[in-house]
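In the numbering used here, the protein residues as written are 412 to 1085.
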């Protein structure tokens, strides 16, 4: 029988006391339908549909919506209307398979369209193999680290996206008061975000330029405050909490309120362009946003890379222990120290399968690089081995970075880590004698594999945490994720190829400029690769500054990765985190020492925050579908109804509405009683 618990245990989000253990919603001894024909076909269908939608929107607007929460909501809804109600664990598997879509899309669209932009040789098989090999590597490298991130570090990381998805699944299963709170919050958050992104009721981003006496400060001193007012980001901040939100914002404030003004001040009167800007733009003519994008963000990339290396060095014992336990399981299944695989909720794919899978992927990747990428080049075998080494080493090392980032802030900095991968790859290939179009092709395909691997690793650790809380079987989740990855990889490759044929990524006689897809991340990657393969300077100094800052933060006890993420992620996405984190801090404080009341209010706040995230994600999908409909048919269903997306008035209204939303979250969370 399935556990009838209607809520997560009280210690689901807190650190465990000595001798305390966590018991999931569905106990380890329960036998509940999990990997069934229903969960398989629904999950694969969701993977295909959401891959196509996410790829279209990501290439058109540069934004990839998160698929996990909408798929969880759909799974719950379908489970109610089908003749046999879905079990909680079936819904976990549907979500796990389907969510592979957003992960593969994020890894693919950042790099693969650059192949078309640079005029390189592209076909469907190459696109499919890059996405598939990367997704498989991300899964295989993350599995041995599951116990550390998911169970041993229980309560150490906020896991914001996993929390929201779990709350959706639990509320859908149990119904009652929890479901009502979450549904109301989702409706409010979804309506709020839909009004912004589709109806254009008010601006999405408030900037200090909309206030007259601060506008001059932004122009002269390059100091500008930016806040994204979407409810989903506010909810994310609440779940992350005040501690990590403050650290992330501290990194962002350093970038925007110190480094950007400094670059603007010292570069104001320079008469020459300073690399890495390649278009000849002068610093004196740049806005604060331009300075951040062209210079300061590179410092953030260096910080992320250094923080990742620091994290790898600090956790090498964990990595070594994870693989040592796996080998113990492989060779001495019942020997001393072998992990206890008797508990269903602690059973991963066998280490033999993992090691065999890594070997198989490595061989397939080498064949791909040797005969599909550098064939015909001088020293092709050596070049393919270099490519394989870069893919395996960077994917393996930065898997922990991706997992830690997504567990901490719910954001995986794959674009920054991929950019660093492209730079290192280009340097290695140039030293090996490969340049020009062949070098660009090899570097981009290597970057595509690594980018998809890191994206998949971050997504899988989220899935496994959901399963840990609810009582799913890790091995089933891991196997399911691979199936979803295969479908998503095939779908994404076909969609990218189709969109290039229909609309293109660069203007041409057959593709007029107004119809060309923006693909902003891929254009940035293409510019970097073209620069590197032309032997133009790399901003090593900026990367070094970021590395020193990350090292300094670590020396004074500040989590360097969270701080570096703040330096890299745009300011408007970080400020809302501290607003939500501050609300999360004040809500339990309002109980004035009553621990039970404080816990009840904090839990209600988590439900509201999860509702905001769920509603925002779901309405994001709806808006994407409507935009796709508009793009293909010309039918404008409510798009731009209010036409109030820009201008000072729209930004002031956005701030007013945002304050009202934050107050609703605070006071509604306080309505909880013991």
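Even glycine gets a Cβ: it sits at the ideal position worked out from N, Cα and C.
Are the CB atoms of residue 454 and residue 891 nearer to each other than 8 Å? It is a contact, given that the beta carbons lie within the stated cut-off.
Measure the Cβ-Cβ separation of residue 710 and residue 516 and say whether it is below 8 Å. Cβ distance not < 8 Å, so residue 710 and residue 516 don't count as in contact.
Decide if residue 1079 is buried, meaning its Cβ has at least 16 other Cβ atoms within 10 Å, or exposed. Counting Cβ neighbours within 10 Å, residue 1079 comes out buried, since at least 16 surround it.
Does the contact criterion of 3 or more C-beta pairs under 8 Å hold for the segment 848-855 versus the segment 1006-1021? In short, these stretches do not touch, since the Cβ pair count stays below three.
Judging by CA-CA distance, which residue of 1023, 544 and 450 is the nearest neighbour of residue 769? 544
DSSP puts residue 617 in a beta bridge; with which residues? 638
CA-to-CA distance, residue 670 to residue 692, given in whole angstroms: 19 Å
Which residue marks the beginning of the alpha helix (DSSP H) containing residue 866, and which one marks its end? 847-881
Taking one C-beta from the segment 1029-1039 and one from the segment 650-659 each time, how about it: are there three or more such pairs within less than 8 Å? no
Which residues bound the alpha helix (DSSP H) around residue 433? That residue, residue 433, is in no alpha helix (DSSP H); it is neither H nor E in DSSP.
Where residue 1005 falls: helix, strand or coil (DSSP): Reduced to three states, the DSSP call for residue 1005 is coil.
Alpha carbon to alpha carbon, how far is residue 596 from residue 486? 19 Å
Ignore the nearest five residues each way along the sequence and tell me which others in residue 605's own chain have a CB closer than 8 Å to its CB. The residues are 1030, 1033 and 1034.
Check whether the Cβ atoms of residue 802 and residue 857 sit closer than 8 Å, and answer yes or no. The beta carbons of residue 802 and residue 857 sit closer together than 8 Å.
Suppose you measure from the CA of residue 728 to the CA of residue 690; what does that come to, to the nearest Å? Going by the C-alpha atoms only, they are around 46 Å apart.
Bounding residues of the alpha helix (DSSP H) (the contiguous stretch that carries residue 1079): 1059-1080
On the three-state DSSP scale, how would you describe residue 950? Residue 950: coil per DSSP, three-state reduction.
For residue 967, count neighbouring C-beta atoms within 10 Å of its own C-beta (all shown protein chains included) and say buried if the count is 16 or more, exposed if not. Exposed, since its Cβ has fewer than 16 Cβ neighbours within 10 Å.
Counting C-beta neighbours from all protein chains within 10 Å, is the total for residue 609 16 or more, i.e. buried, or is it exposed? buried
Could you have a look at residue 772 and say whether DSSP puts it in helix, strand or coil? helix
Test: residue 819 CB closer than 8 Å to a CB of chain C: Among the protein chains of the structure shown there is no chain C, as only one such chain exists.
Can you grab the Cα-Cα spacing for the pair residue 722 / residue 1051, in whole Å? So the two alpha carbons sit approximately 45 Å from each other.
7 Å CB neighbourhood of residue 434 in its chain, flanking five on each side removed: If we look at residue 434 and ignore the five residues flanking it on each side, its Cβ neighbours are 420.
Spell out a yes or no on whether the segment 898-916 and the segment 504-520 are touching, meaning 3 or more CB-CB pairs, one atom from each, closer than 8 Å. Contact holds: three or more Cβ-Cβ distances are below 8 Å.
Inter-stretch contact at 8 Å, needing at least 3 Cβ pairs: the segment 434-451 / the segment 483-501: yes
Residue from 502, 495 and 428 with nearest C-alpha to residue 445: 502
Grouping DSSP H, G and I as helix and E and B as strand, with all else coil, what is residue 551? helix
May I ask you to report which of helix, strand or coil DSSP gives residue 987? Helix at residue 987.
For residue 782, count neighbouring Cβ atoms within 10 angstroms of its own Cβ and tell me buried if that reaches 16, exposed if not. Exposed is the call here.
Is it the case that the segment 561-578 contacts the segment 873-880, given that we only count it when at least three CB pairs across the two stretches are under 8 Å? Contact holds: three or more Cβ-Cβ distances are below 8 Å.
Coarse secondary structure for residue 572, derived from DSSP in three states: The answer is helix: DSSP assigns residue 572 an H, G or I state.
Does the Cβ of residue 974 have 16 or more other Cβ atoms within 10 Å, making it buried, or fewer, making it exposed? buried
At the level of alpha carbons, what is the spacing between residue 529 and residue 537? Rounded to whole angstroms, residue 529 to residue 537 spans 16 Å at the Cα level.
Given a cut-off of 8 Å, decide if residue 461 and residue 546 are closer than it, judged by their beta-carbon atoms. no
If you measure between the beta carbons of residue 903 and residue 464, is that distance less than 8 Å? no
In chain order, which continuous runs of the alpha helix (DSSP H) of length 4 or greater are located wholly inside the segment 663-715? 671-678 and 699-702
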